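Protein chains: 2
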Amino acid sequence: MARRNRSGDGLAGGAGRKPTIYDLARRSGASPSTVSAVLSGKATERRIKPATALAIEALAAELGYVPNLQARGLRRERSGLVGLIIATHEDRFFSSLSQSFDTRARRRGHCPVIASTLRNPEEEARVVRTLISYKIDALFIAGATDAEALREICAAARLPHVFIDLPSLGAPSVVTDNRLGAERLTRTLLRGAPVAASRLERPLFLGGVAGDFATVSRLDGFRKVCAEMGLAASDDQVLLCGYDPRRATATLEALCARLGGLPKALFINSLPVFEGVLRLFAALPDGAFTDIAIGCFDYDPFAAFLSFPVTMMRQDADGLVDRAYEVLDAGDFTPRLIAVEPRLIEPRTLYDHAS
Amino acid sequence: MARRNRSGDGLAGGAGRKPTIYDLARRSGASPSTVSAVLSGKATERRIKPATALAIEALAAELGYVPNLQARGLRRERSGLVGLIIATHEDRFFSSLSQSFDTRARRRGHCPVIASTLRNPEEEARVVRTLISYKIDALFIAGATDAEALREICAAARLPHVFIDLPSLGAPSVVTDNRLGAERLTRTLLRGAPVAASRLERPLFLGGVAGDFATVSRLDGFRKVCAEMGLAASDDQVLLCGYDPRRATATLEALCARLGGLPKALFINSLPVFEGVLRLFAALPDGAFTDIAIGCFDYDPFAAFLSFPVTMMRQDADGLVDRAYEVLDAGDFTPRLIAVEPRLIEPRTLYDHAS
DNA sequence: CGCGATTGCACAATCGATTGAGCAAAGCAG
DNA sequence: CTGCTTTGCTCAATCGATTGTGCAATCGCG
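Just so you know, the protein sequences line up as chains P and R, in that order. Numbered according to numbering that gives the first Met the number 0, the first sequence terminates at residue 354, and the numbering increases by one at each position without gaps. Numbered according to numbering that gives the first Met the number 0, the second sequence terminates at residue 354, and the numbering increases by one at each position without gaps.
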C-alpha cells in the first residue's frame, strides 16, 4: 500500500493544505519520483515524456504547488541559503552592502539571509552557528569583532566563507584598500580645509578599534599624509573610541574640553562615529562647528550636504560583493587578500552608480 | 539491522562531518529518539533519566553537535524563520526597521530573514513565494507595491502575516499615524521657514505614489495644514514622482525650470526622494538652496545637519515591530489598523532612544 | 520475426530530525 | 507473592523531497 494517504482516495483534498509531490502524483496518476523530476527541472535528464511533463506542470500550476525547500535541502544537502553578517543595518556602508548582496544573491537563485550582530562576539558566534544549523551554503562575514573565532566555526562545519573588509588569517578576504583610501581622504581633507594651514596643525582621527585591521590601515594612511604635510599626528590626536556613537560623543566632548574647542580637521572612521559627532554638535551653539572640515571613511549621501564641508571615502559595495562571490565561484579558499578600490566623494557631491 | 551506518561500528567517525543524533546515539549507546529528546529540551517530558541526559549533552558538546534545522523544520512543520519584506536597505527608515526586527526576532529565538524587493511587484511575489517555500512561520510586509497580491499569496499558504506601514484590506496592519505626522511636520515646516510668509505661498509636496496609503494620508495632512494657514495647495504643488531618486531629481528640476527657481518650503515624502533632491542641489550653484526649508517624512540623522533647516518625522521602528509581533502573538488576524505615533525631529537635533 | 537498445516510468532508500505508541524493569501497595 | 503504576527507554512512522536502480514497453535493425 501507499506509504502516504493524507486524503484517502485520489480525488479528495484540494485547497486544504499546500500540495506536495505526493498529492500531485495521486491526482496525475504518475509516481512521486516522476513528479519530482518534472518539477525540479530534471524531466529530460530523467527521460520523462514531454506530454507527461506538461500535464504535471499544468496540475502543479493549477493547485499552486510550491516545493518544500526544507525537504529539498535536507535531501540535497544544499539549502540555497547564503548568509551575510554585518555589524548593524543602521549604517549606510552596511546597508549598501546588504542591498548589493540581496540583489546579487537573488539574481543567482540564492536566498540571502542578512544578520546584524552589533559587533558582539558572543552574538556573532551564536548567529553563525544558527545559520550553520539552517545549512546555509556559504557565508559572507563583513562586520565582526572576532573574525578568527568565526572562521573556526565555519571551518569545523566545512562551510565556505569569505570575509569582507575584515581580513582573516585563515580564509580569503575581500577588503577595501583602506590605506590608499585613507591617504586620499586625508589629503583632500587637509588641503580643502577652509582655514589657514597653521590651524590645522593638529588634525584628529576619531573612531575604530586598535586591533581592527580596517582601523589600523586607515590610521596608517592618515599618519603617512600628516607626515608628508609636515603635520603632527601624535597619539593624542588619535582617539580610537570604537564604533559606538555614544562613546564617540563622549570622547570628542572630553577632547574639546581639554583643548578648549573643536579640532579644525577631523578624520572620522565610520558612519556611526560620525553620528556621535553630530550628537555632540547638536548640543553646541550653532556657530561652533562652521569652520570645521570633516573627512569620513564611509559614505552617506546626506552627509555630503552638511553645513560644513564633508569629504567621504565610499567603499565599493557592489565590487566587494562581486569579488566575494567570485571567490565562492572559484572554490579556492586559500587565505588571501583581494583589494577593492574605494572612491572619494567630494563635498556637495553624490555618488553615482553610472560613473 | 540499523537503518543508518555511515561509519560502520560505533567508534569510527569523529571530525569527519557534522554529527547527527544517529552518531550520538551510536557513541552513547542510547537510541536516536532519546538523543533527540535530550537535545531538544524534552528530556523531562519524555522521562529521560538525568544521568543519561547529562551524558548525552556532554557528548554533544564534545563532538560539536548542532541540530539540523531543516530536518527539524520538516518534521515539526515550523522552521523558526520569520520574514520581513522591505523596499530597499538603502533608506534609513527601512534599515531601522530591519534593525528592530533583527534584534527582536532573535530575542524570541526566531531567525529573521530580510528581503528587499525594490518595490517591484513581480519581485515581491517571487520573494514571498520563495520564503513560503522555505516554510517561514510568519511574514511582515513593510515596503511593497501590491499589498493585496501578497496577502492572497500568504493566505493561500495559510501564512500568518502582518503589514507594516502599508495597510491591506484583508490583514492586520500596523501603521504610522501618517496623517497626524504630516500635519505636525507641515506646521513646523511652514512656521519655521526662514523666509517671509508671502514667499511660502506655494509650498511643495514631493514624492510618493497616488494609490499608496501612506502617500494619501501624508498628503491629506499636508493639505489640511496648508488650508489652515491660508496657503494654496493646488494639484500642481503636489508632485507624486514615486520613490525613485532619479525621478525625484528630474521632477523637481522640471518644476524649477517652470517656476524659475526652487520652492521655499518643500515637504519630501521619503528619504530616497530626499536623495533625489540633493542630487539636484549638487548640480546647482552653492547659493541656490540656502533659504529653502525642508520637511521630510522619515528620518535620517545626517539630514538633521544640512546647510538648510530640515525637520523630519521619524517613524517609530521599534514600536512598529513590537506592535506587529503583538499581533502575531495574539493570533488574531482579522483585518484592522493599529496606529503608532511618529515623532518630530527638529533641525540640528538627533533622535534619542532614551527619550 | 527476433533481439538488443532505448524510452518512460515506478520503487524504495535516504536526508536528520520528532513523536505516538509500546514494552520491560523497577517500585509499591496489599 | 500478585497486580498496578511509574520510570526509562526503544521502535518505527513521518515530514517532502531526491536519486540510484530496475523493469516493462517500444523501437530499430537485419
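Backbone N, C-alpha and C define an ideal beta-carbon position, used for all residues, glycine too. Please read these numbers as outputs of a predicted model, since none were measured by experiment.
May I ask you to report which of helix, strand or coil DSSP gives residue i?
| i | result |
| --- | --- |
| Ile113 of chain P | strand |
| Val37 of chain P | helix |
| Leu96 of chain R | helix |
| Ser172 of chain R | strand |
| Val127 of chain R | helix |
| Ile152 of chain P | helix |
| Ala1 of chain R | With a pLDDT of 42 at Ala1 of chain R, under the threshold of 50, the modelled position of that residue is not reliable, and no figure is offered here. |
| Ala57 of chain P | helix |
| Ala137 of chain R | strand |
| Ala353 of chain R | coil |
| Leu62 of chain R | helix |
| Ala195 of chain P | The predicted model places Ala195 of chain P with a pLDDT of 46, which falls under 50 and marks its position as unreliable; any figure quoted below should be read in that light. Of the three classes helix, strand and coil, the one that applies to Ala195 of chain P here is coil, per DSSP. |
| Ile47 of chain R | coil |
| Leu165 of chain R | coil |
| Leu179 of chain P | helix |
| Leu23 of chain P | helix |
| Leu83 of chain R | strand |
Got a sec: is the Cβ-Cβ distance from residue i to anything in chain R below 9 Å?
| i | result |
| --- | --- |
| Gln69 of chain P | yes |
| Thr102 of chain P | yes |
| Arg342 of chain P | no |
| Ile337 of chain P | no |
| Pro334 of chain P | no |
| Pro166 of chain P | no |
| Pro31 of chain P | no |
| Ala253 of chain P | no |
| Glu122 of chain P | yes |
Compare the C-beta of residue i against all C-beta atoms of chain P and say whether one is closer than 9 Å.
| i | result |
| --- | --- |
| Glu227 of chain R | no |
| Ser78 of chain R | yes |
| Thr19 of chain R | no |
| Ala195 of chain R | With a pLDDT of only 46 at Ala195 of chain R, under 50, the local geometry of the prediction cannot be trusted, and the value read off the model is given with reservation. With 9 Å as the cut-off, Ala195 of chain R does not count as an interface residue toward chain P. |
| Ile84 of chain R | no |
| Arg16 of chain R | yes |
| Val81 of chain R | no |
| Asp285 of chain R | yes |
| Ser39 of chain R | no |
| Ala156 of chain R | yes |
| Val404 of chain R | In the structure as shown, chain R begins at 0 and stops at 354. Residue 404 of chain R is therefore absent and cannot be evaluated. |
| Arg257 of chain R | no |
| Arg105 of chain R | yes |
By the criterion of Cβ-Cβ separation under 8 Å, what are the contact partners of residue i in chain R?
| i | result |
| --- | --- |
| Ser172 of chain P | The contacting residues do not exist; Ser172 of chain P stays about 22 Å from chain R at best. |
At 9 Å on the CB atoms, spell out the chain R contacts of residue i, in chain order.
| i | result |
| --- | --- |
| Arg128 of chain P | Val65 |
Please list the partners that residue i has in chain P, where partner means a Cβ-to-Cβ separation under 8 Å.
| i | result |
| --- | --- |
| Leu73 of chain R | Asn67, Gln69, Ala70, Leu73 |
| Phe280 of chain R | Phe304, Arg347 |
| Ser132 of chain R | Val65, Pro66, Asn67, Leu68 |
Since residue i and residue j should fall inside the 8 Å C-beta cutoff, what is the C-beta to C-beta distance between them, to a whole number of angstroms?
| i | j | result |
| --- | --- | --- |
| Met362 of chain P | Leu184 of chain P | Nothing can be reported for residue 362 of chain P, as the shown portion of chain P is limited to 0 through 354. |
| Ala42 of chain R | Pro31 of chain R | Between Pro31 of chain R and Ala42 of chain R the Cβ distance is about 14 Å, and since that is not below 8 Å, they are no contact. |
| Ala209 of chain P | Leu168 of chain P | No, Ala209 of chain P and Leu168 of chain P are not in contact; Cβ-Cβ is about 18 Å, not under 8 Å. |
| Ser94 of chain R | Glu89 of chain P | 5 Å |
| Ser99 of chain P | Val339 of chain P | Going by Cβ atoms, the distance from Ser99 of chain P to Val339 of chain P rounds to 12 Å, so no, they are not a contact pair. |
| His160 of chain P | Ala141 of chain P | Actually they do not touch by this definition, with Cβ atoms about 11 Å apart. |
| Ile356 of chain P | Leu270 of chain P | With chain P covering only 0 through 354, there is no way to say anything about residue 356 of chain P. |
Given that residue i touches chain P, what residues does it touch there, using C-beta distances under 7 Å?
| i | result |
| --- | --- |
| Pro300 of chain R | Glu274, Leu277 |
| Val34 of chain R | In chain order: nothing, as chain P lies at least about 16 Å away. |
| Val381 of chain R | Only positions 0 to 354 of chain R appear in the structure, and residue 381 of chain R is not among them; the question remains open. |
Taking residue i as the query, report the chain R residues whose CB atoms sit under 7 Å from its CB, ordered along the chain.
| i | result |
| --- | --- |
| Gln98 of chain P | Thr87, His88, Glu89, Ser115 |
Which bits of chain P does residue i rub up against, with CB to CB less than 9 Å?
| i | result |
| --- | --- |
| Ser94 of chain R | Thr87, His88, Glu89, Asp90, Arg91, Phe93, Ser94, Ser97 |
Within the stretch 198 to 266 of chain P, ranges of the beta strand (DSSP E) (whole runs, at least 3 residues): 203 to 205
Which runs of the alpha helix (DSSP H) at least 4 residues long sit entirely within the stretch 269 to 349 of chain P? Give them in chain order. 270 to 282, 316 to 329
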